[in-house]
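Read top to bottom, the protein sequences are chains R and Z.
The opening residue of the first sequence carries number 53 in our numbering; numbering runs sequentially from there.
The opening residue of the second sequence carries number 2 in our numbering; numbering runs sequentially from there.
Beta carbons are placed, not taken as given, at the ideal position from N, Cα and C, and that holds for glycine.
Note that the coordinates shown come from a computational prediction; the quantities given were computed from them, not determined experimentally.
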Amino acid sequence: MLINTGVPTREQIELRLPSPERRARGPYAMVECFQEIPCNPCSTSCPFDAILPMGDINEIPAIDLDRCTGCGICAGVCPGLAIFIIDESKGDGTASVTIPYEFRPLPEKGEMVRAVNREGDVIGDAVVTRVLLSKKTKTPLVTVRVADEHVHEVRFFNLIDNKTVCDKTSSKIEEEPKTDDTACATDDDEIILCRCEGITLRTIRDLIREGYTTVDEIKRISRAGMGPCQARTCGPLIASEIARMTGQPVAEIQPSAHRAPVKPMPIEFFLGGDSE
Amino acid sequence: MNVPKSASIVIIGGGVSGCAIAWNLANRGIKDIVLLEKDTLANGSTGRCGAGIRMQWAAEKNCRLAQYSVEFFENGNEILGYERDIEFEQSGYLIVAANEKEAEQFKKNVKLQNSLGIPSVYLTPEEAREIVPLLDTSQFVAATFCQKDGHLNPFHTTDAYAMAAERLGVKKFKHTEVIGIEVKNGRIESVETTRGRIATNIVVNAAGGWSKAIGAMAGVDIPTYVQRHQILVTEPLEPVFSPMVMGFSYNIYIQQVPHGSIIMGRSDNTEPLDFRTTSGWKFVEEMTKTCSKLLPALRTANVLRQWAGHYCMTEDAQPIYGPAPGLEGMYLACGFSGHGFMLAPATAQLVSEMILGEPLTIDVSDLDVGRFERRELVFEHSVV
Chain R
53 MLINTGVPTR EQIELRLPSP ERRARGPYAM VECFQEIPCN PCSTSCPFDA
103 ILPMGDINEI PAIDLDRCTG CGICAGVCPG LAIFIIDESK GDGTASVTIP
153 YEFRPLPEKG EMVRAVNREG DVIGDAVVTR VLLSKKTKTP LVTVRVADEH
203 VHEVRFFNLI DNKTVCDKTS SKIEEEPKTD DTACATDDDE IILCRCEGIT
253 LRTIRDLIRE GYTTVDEIKR ISRAGMGPCQ ARTCGPLIAS EIARMTGQPV
303 AEIQPSAHRA PVKPMPIEFF LGGDSE
Chain Z
2 MNVPKSASIV IIGGGVSGCA IAWNLANRGI KDIVLLEKDT LANGSTGRCG
52 AGIRMQWAAE KNCRLAQYSV EFFENGNEIL GYERDIEFEQ SGYLIVAANE
102 KEAEQFKKNV KLQNSLGIPS VYLTPEEARE IVPLLDTSQF VAATFCQKDG
152 HLNPFHTTDA YAMAAERLGV KKFKHTEVIG IEVKNGRIES VETTRGRIAT
202 NIVVNAAGGW SKAIGAMAGV DIPTYVQRHQ ILVTEPLEPV FSPMVMGFSY
252 NIYIQQVPHG SIIMGRSDNT EPLDFRTTSG WKFVEEMTKT CSKLLPALRT
302 ANVLRQWAGH YCMTEDAQPI YGPAPGLEGM YLACGFSGHG FMLAPATAQL
352 VSEMILGEPL TIDVSDLDVG RFERRELVFE HSVV
């Protein structure tokens with residue numbers, strides 16, 4: 053019984069499950085809050101008003117699943133760690149659970165972990181597919197992918213001592229350009245490629261692997277090339293790294309746009325003699 | 002990589018509007034959406050904009066659209082599951098009135114904004130200087146301030162939308178240009194791209210400056226045009242002021258972004274009406290002049306770079322939302338006239354509702370393309 057063990061019964065869980073159509077549509081919040089206590093951050097934090105306002109602060113949260121987008125803000129703010137985001141829409145025999153995780157170290161994306169059920173028993177393996185560090189809720193949200201039949205069971209995970217990173221489930225990897233993995237795994241990764249902004253080769257390589265394969269795209273996301281030298285040093289280096297990792301000739305990598313002024317000039321310089 | 006043979010909806014344009022619409026539709030469970038971008042994401046107006054987000058408008062509709070969008074951005078990283086940061090800093094907008102006439106209008110604006118729940122305040126020049134100590138108070142007669150306005154990173158925001166959309170099954174194609182649209186009996190049949198043909202009955206035209214060209218491919222005249230706008234940025238400095246400082250008659254917007262650089266821009270009606278994104282001398286001269294007048298201490302800051310992009314303009318500087326006339330299946334989300342980035346969440350919500358035939362969260366039926374022929378223009382005075 054819940055009151056003795058802290059574990060809800062199967063019936064209690066089933067009563068909270070959305071319709072099959074809603075479950076197939078996309079992620080939703082599963083609110084596993086069963087006791088009336090004076091607590092309402094889930095309801096006040098929901099940006100979509102999906103967790104309905106409480107007339108009495110002791111009420112058990114009620115959720116409008118048509119409004120819920122599964123964003124996870126409620127899961128991050130719930131002080132009881134009683135809300136999980138379930139996504140059963142993938143349709144490939146796997147489903148994901150997003151868990152508020154208050155421990156350190158955090159797992160890495162792609163890491164294999166042991167899936168743990170509500171009783172605390174290990175019931176299988178899971179792969180971490182996302183680690184979201186929210187400035188808003190401060191509680192990290194860790195998403196793990198598990199077998200379909202386990203998605204309403206898995207509510208925690210244990211890290212494995214000899215951690216293994218398995219990239220199988222990361223959808224990004226399918227689009228990964230051909231890379232020379234041995235060359236990428238060296239200490240070169242710590243080299244600072246963009247000295248103005250302090251961007252390392254590792255960051256540049258990670259972005260190329262994620263599919264940012266032009267100098268401008270890398271500049272926009274990482275700021276490499278936005279500093280005082282205006283990409284004079286890092287621009288050609290980034291272009292050659294893109295060429296090496298994607299197998300394109302470097303001459304075909306489009307350089308970033310060069311802009312005036314040629315060197316940094318103070319604002320008053322441009323005023324000329326015409327200043328009023 | 003070839004495009005799929007068919008799609009439920011084809012969205013043209015990988016700027017913030019196109020990516021946001023793709024996410025919004027996919028988030029409602031719509032499958033088989035394709036997003037096409039001829040270059041890279043945020044390469045047009047989105048990635049070249051001033052990155053400001055404000056709710057201080059003179060027209061009620063714009064206030065509501067902006068308010069909806071700000072509430073979204075406040076939770077943007079979480080809603081979109083973005084592992085980097087969209088960098089929404091609610092550092093405020095401080096808008097200065099250069100004369101009494103403008104100050105009178107500002108009083109009305111604040112009254113309207115407050116009635117809608119936007120927490121803007123009317124300030125004396127001295128009160129404004131408490132917020133931005135660099136301001137020369139002799140240069141303006143009053144100001145308004147809203148702390149909830151601020152700065153947002155266009156590249157990360159567009160990426161956050163695109164990645165969330167892809168996780169929901171949207172197929173995104175960069176470097177894929179639309180070269181034709183097939184229309185039969187007044188209805189869209191397919192979209193021809195440089196990577197193949199996609200059969201579809203619904204097209205969203207979110208192509209910004211290219212929206213007119215996309216319309217023409219389907220035989221529809223869309224009354225948008227492009228105009229070059231320029232911005233300059235200084236080297237990163239220690240934090241000296243955080244709000245966006247803006248003046249309509251001064252023709253300036255200027256903000257120190259979280260990274261430390263100061264970004265400033267202005268408008269100029271003599272700028273070319275084409276796709277040029279070259280930089281001009283006149284801009285930098287006028288810009289530095291205005292900046293030195295209003296914030297004299299910045300005279301010694303070093304200019305690192307200037308750049309240019311274009312506004313996708315309409316005659317009344319308001320967006321066009323809704324179906325294209327006389328053509329079944331094309332929905333327009335274009336003509337943002339310089340404020341498309343900050344309105345993207347509202348754009349996505351409204352255009353999705355129009356496509357799905359749902360009631361509109363905010364009534365924008367008067368922002369249809371037909372208003373230009375009917376001569377029912379919707380003017381907004383608070384623009385730079």
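Neighbours of residue 156 (chain Z) in chain R, taken as residues whose beta carbon is under 8 Å from its own, are 272, 273 in chain order. The Cβ atoms of residue 156 (chain Z) and residue 43 (chain Z) sit closer than 8 Å to each other. Bounds of the alpha helix (DSSP H) holding residue 96 (chain R) are 93-97. Using beta-carbon distances, residue 308 (chain Z) counts as an interface residue toward chain R, with a partner under 8 Å.
Inter-residue distance for residue 330 (chain Z) and residue 139 (chain R) is about 32 Å (C-alpha atoms, whole angstroms).
Annotated as proximal: residue 348 (chain Z) and residue 18 (chain Z), with beta-carbon spacing under 8 Å.
Classified as exposed, residue 71 (chain R) has fewer than 16 neighbouring CB atoms from the shown chains inside 10 Å of its CB. Those residues of the stretch 295-320 of chain Z placed with their C-beta closer than 7 Å to a C-beta in chain R are 299, 300, 301, 302, 303, 304, 305, 306, 307, 308, ordered along the chain. Residue 185 (chain R) has its alpha-carbon roughly 14 Å from the corresponding atom of residue 126 (chain R).
Here residue 262 (chain Z) is buried, its C-beta having at least 16 other C-beta atoms within 10 Å. The secondary-structure analysis by DSSP pairs residue 333 (chain Z) across a beta bridge with Z:206, Z:323. Residue 211 (chain Z) carries a helical assignment under DSSP once its states are collapsed to helix, strand and coil. Between residue 101 (chain Z) and residue 125 (chain Z), the alpha-carbon positions lie close to 12 Å from each other. Take residue 60 (chain Z), set aside five residues on each side of it, and the residues of its chain with a beta-carbon closer than 6 Å to its own are 381, in chain order.
Pairwise C-beta distances place the stretch 65-81 of chain Z out of contact with the stretch 29-48 of chain Z, as fewer than three of them are shorter than 8 Å.
The C-alpha of residue 178 (chain R) is placed about 9 Å away from the C-alpha of residue 168 (chain R). The C-beta of residue 194 (chain Z) comes no closer than 8 Å to any C-beta of chain R. Among the bridge pairs identified by DSSP, residue 308 (chain Z) is matched with Z:232. Annotated three-state conformation of residue 57 (chain R) is helix, per DSSP. DSSP places residue 313 (chain Z) in the strand class (E or B) of the three-state scheme. Boundaries of the beta strand (DSSP E) around residue 173 (chain Z): 172-174. Interface criterion not met: the Cβ of residue 64 (chain R) is under 8 Å from no Cβ in chain Z. The residue from R:171, R:170, R:180 with its alpha-carbon nearest to that of residue 159 (chain R) is R:180. Using a Cβ-Cβ cut-off of 8 Å, residue 146 (chain R) does not count as an interface residue toward chain Z, since no Cβ of chain Z sits closer than that to its own. In this model, residue 139 (chain Z) and residue 271 (chain Z) are separated by some 29 Å (Cα to Cα). Residues of chain R whose Cβ lies closer than 7 Å to the Cβ of residue 292 (chain Z) are, in chain order, 319. For residue 268 (chain R), the nearest beta carbon of chain Z is closer than 8 Å to its own beta carbon. Looking at R:65, R:289, R:141, R:261, the one whose alpha-carbon comes closest to that of residue 169 (chain Z) is R:141. When the five nearest sequence neighbours on each side are left out, the beta carbons in the same chain lying within less than 6 Å of the beta carbon of residue 369 (chain Z) are those of 323, in order along the chain. Between the alpha carbons of residue 65 (chain Z) and residue 337 (chain Z) lies a distance of about 15 Å. The C-beta of residue 43 (chain Z) comes closer than 8 Å to at least one C-beta of chain R. Contact between residue 223 (chain Z) and residue 213 (chain Z) holds: CB atoms are separated by about 5 Å, below the 8 Å threshold. Contact between residue 241 (chain Z) and residue 135 (chain Z) is confirmed by a C-beta separation of about 6 Å, below the 8 Å threshold. Taking C-beta atoms under 8 Å as the contact rule, residue 30 (chain Z) and residue 77 (chain R) qualify, at a distance of about 4 Å.
For residue 272 (chain R), there is no enclosing beta strand (DSSP E); the residue is part of the alpha helix (DSSP H) that begins and ends at 267-274. In the displayed model, residue 82 (chain R) falls within a strand according to three-state DSSP.
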